[in-house]
Amino acid sequence: MLNFILIIAALLWSCQPEAEQENIQFVKPANFPEPVYDLKKNPISTAGFELGRTLFYDPILSRDGSISCGACHQQSAAFTHHGHDLSHGIDDQLGERNSPPIMNLAWHNTFFWDGGVHDLDLQPIAPIENPLEMDEDLKKAVEKVRNSSKYGSMFKATFGSTEVTTDRMLKAMSQFMLMCISADSRYDKYVRKEAGGELNSSELAGMQVFQQKCASCHKGELFSDFSFRNNGLSHEFNKDRGRYRITLNEEDDYKFKVPSLRNVANTGPYMHDGRFYTLDEVLTHYTLGIRDQTTLDPLLKQNGKLGIELSNEEKEQIKAFLKTLSDDTFLRDRKLSEQ
Numbered sequence: 000m001l002n003f004i005l006i007i008a009a010l011l012w013s014c015q016p017e018a019e020q021e022n023i024q025f026v027k028p029a030n031f032p033e034p035v036y037d038l039k040k041n042p043i044s045t046a047g048f049e050l051g052r053t054l055f056y057d058p059i060l061s062r063d064g065s066i067s068c069g070a071c072h073q074q075s076a077a078f079t080h081h082g083h084d085l086s087h088g089i090d091d092q093l094g095e096r097n098s099p100p101i102m103n104l105a106w107h108n109t110f111f112w113d114g115g116v117h118d119l120d121l122q123p124i125a126p127i128e129n130p131l132e133m134d135e136d137l138k139k140a141v142e143k144v145r146n147s148s149k150y151g152s153m154f155k156a157t158f159g160s161t162e163v164t165t166d167r168m169l170k171a172m173s174q175f176m177l178m179c180i181s182a183d184s185r186y187d188k189y190v191r192k193e194a195g196g197e198l199n200s201s202e203l204a205g206m207q208v209f210q211q212k213c214a215s216c217h218k219g220e221l222f223s224d225f226s227f228r229n230n231g232l233s234h235e236f237n238k239d240r241g242r243y244r245i246t247l248n249e250e251d252d253y254k255f256k257v258p259s260l261r262n263v264a265n266t267g268p269y270m271h272d273g274r275f276y277t278l279d280e281v282l283t284h285y286t287l288g289i290r291d292q293t294t295l296d297p298l299l300k301q302n303g304k305l306g307i308e309l310s311n312e313e314k315e316q317i318k319a320f321l322k323t324l325s326d327d328t329f330l331r332d333r334k335l336s337e338q
């Protein structure tokens with residue numbers, strides 16, 4: 000009889016959603032630096048994470064209830080908009096930029112391609128209110144959440160009362176995004192000397208070439224220095240001036256935030272406007288497509304010569320290495336998916 004009871008209990012437990020079984024905790028990967036987000040001001044809890052995840056996938060935050068954050072940030076594509084050069088928002092309107100990935104945001108101190116926001120807790124406001132994205136007034140979005148029957152108990156479990164405020168809603172969304180940590184790629188296992196971290200000769204050669212010719216911008220374990228640089232793209236058809244739109248400083252003209260290359264094999268199309276659909280196109284741009292401009296990054300014009308010199312073999316080696324940055328655990332983690 001005891002064995003029968005234990006079997007039934009195990010079956011009932013296994014039927015519960017995975018996220019309810021797991022105690023959510025923020026754990027810094029061993030090979031990562033210290034996060035820049037102040038976790039003390041917004042301690043992550045299981046209840047807060049679940050509230051944030053529910054809000055992230057809830058189209059209630061958009062004007063007509065048709066678009067959620069998850070619509071343009073899809074987990075299987077490292078929370079980018081898979082296959083879209085520019086994201087589509089409410090009424091199928093075309094946005095202005097390619098959706099950046101949502102991963103490892105605890106290590107970012109600016110957000111969006113132009114760095115227009117400096118606080119993760121404020122980041123969701125921009126897409127919610129952008130007329131090309133979710134096109135909703137933030138106060139109205141909060142009011143809709145307040146009037147929804149499913150949220151009262153979730154806010155109480157997270158914050159101690161059913162009160163729904165803008166600050167609470169945004170902090171809960173941050174808790175979900177902070178837990179979108181990608182640090183379990185084959186490369187990570189190689190660095191940490193863990194099982195499954197073997198790299199073949201082509202991948203190791205690619206890592207060496209990458210360190211020599213790419214890591215000045217895509218540096219460290221996050222594969223970005225999070226600076227803003229002009230990487231020599233043409234502007235005939237896209238007049239987006241990038242960082243300049245925020246600072247109004249001519250020195251920032253056509254500069255964009257250096258993206259992380261983690262999961263890069265899964266996040267195409269590439270660049271702020273999604274103009275390149277393959278890694279081959281990206282590498283060809285850096286070898287042959289650099290346009291000389293006033294604010295061009297000096298690393299792309301050495302000794303009067305534009306671009307980065309790469310042989311075909313080196314390109315193949317770099318691609319092989321970049322694929323080791325794919326984190327299948329992150330891309331398939333059920334606790335991060337819509338429940």
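Numbering (numbering that gives the first Met the number 0), first residue to last: 0 to 338. From the three backbone atoms N, C-alpha and C, an ideal C-beta is built for every residue, glycine too.
Beta-carbon to beta-carbon, A171 and L54 are separated by about 6 Å, close enough to satisfy the 8 Å threshold. Taking C-alpha positions only, G94 is separated from G88 by approximately 7 Å.
Rounded to the nearest angstrom, the Cβ distance from D134 to S61 is 7 Å, consistent with a contact under 8 Å. Excluding residues up to 5 positions away in sequence, H83, D84, L85 and N97 lie with their Cβ nearer than 7 Å to the Cβ of G273 in the same chain. Note that the C-beta distance between L278 and L324 is not below 8 Å. Pairing S184 with D326 gives a Cβ-Cβ distance under 8 Å. Counted as a single uninterrupted DSSP element, the alpha helix (DSSP H) harbouring R52 occupies residues T45 to F55.
T277 sits in coil when the DSSP states are folded into three classes, being neither helix nor strand.
Only residues of its own chain outside the window of five on either side were considered, and among them G64, S65, I66 and S67 have a CB closer than 6 Å to the CB of P58, listed in chain order. When DSSP reads this structure, K254 sits in a beta bridge with G241. Under the Cβ criterion (8 Å, minimum of three pairs), the region 129-144 does not count as touching the region 189-197. Closest in alpha carbon position to K40, among F329, L169 and E312, is L169. A contact is defined here as three or more CB-CB pairs under 8 Å, and the region 110-118 meets this definition with respect to the region 249-256. Fully contained in the region 251-337 are the following alpha helix (DSSP H) runs of length 4 or more, in chain order: 278-283, 311-322 and 327-331. Under the DSSP assignment, M133 falls outside any alpha helix (DSSP H); it carries neither an H nor an E label.
Annotated three-state conformation of Q73 is strand, per DSSP. In this structure, M178 lies away from I289, with their beta-carbon atoms at least 8 Å apart. Rounded to whole angstroms, the Cβ separation of F227 and R244 is 11 Å, and the two are not in contact under 8 Å.
Considering only W106, H80 and V116, the residue with the shortest C-alpha distance to K27 is W106. Relative to T293, the option among H117, C71, L38 and R240 whose CA is nearest is R240.
DSSP, read as helix, strand or coil, puts V144 in helix.
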